[in-house]
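Asks:
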Amino acid sequence: MHFDGTPWQMRVARSPTWSRVMAGIGQVLLVVGLDELSPTASAAEIDEYVECVGEAERLYATVSSVADRSGRRPALRRP
Numbered sequence: 353m354h355f356d357g358t359p360w361q362m363r364v365a366r367s368p369t370w371s372r373v374m375a376g377i378g379q380v381l382l383v384v385g386l387d388e389l390s391p392t393a394s395a396a397e398i399d400e401y402v403e404c405v406g407e408a409e410r411l412y413a414t415v416s417s418v419a420d421r422s423g424r425r426p427a428l429r430r431p
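One point on numbering: in my numbering, the residue at position 10 of the sequence shown is 362, and numbering is uninterrupted.
1. I'd like the ranges of any alpha helix (DSSP H) spanning at least 4 consecutive residues and lying wholly in the segment 364-404.
2. So what does DSSP say about Gln361, is it helix, strand or coil?
3. Along the chain, where does the beta strand (DSSP E) containing Ala413 start, and where does it finish?
Below you can see the structure in the form of structure tokens.
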């Protein structure tokens, strides 16, 4: 993911299916919580986290473009 208007990129662990869908769409919704969350959190713990962090105004969301390995951004299209 590229953060438009900045020199920053973010790589995320992905499955082949996830990569294909995101590259086909060309954008993802990125939600960032500022408080720590365990990488092994259950679905219920994630729901509680989103609720609590959101109420504390420590949850942010943005749209980010997705590029292939060469850094090219694909055209917006449905997979």
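Quick reminder that beta carbons are idealized off the backbone N, C-alpha and C, glycines included.
Replies: Inspection of the coordinates gives the following:
1. 368-377
2. strand
3. Its beta strand (DSSP E) spans residues 411-417.
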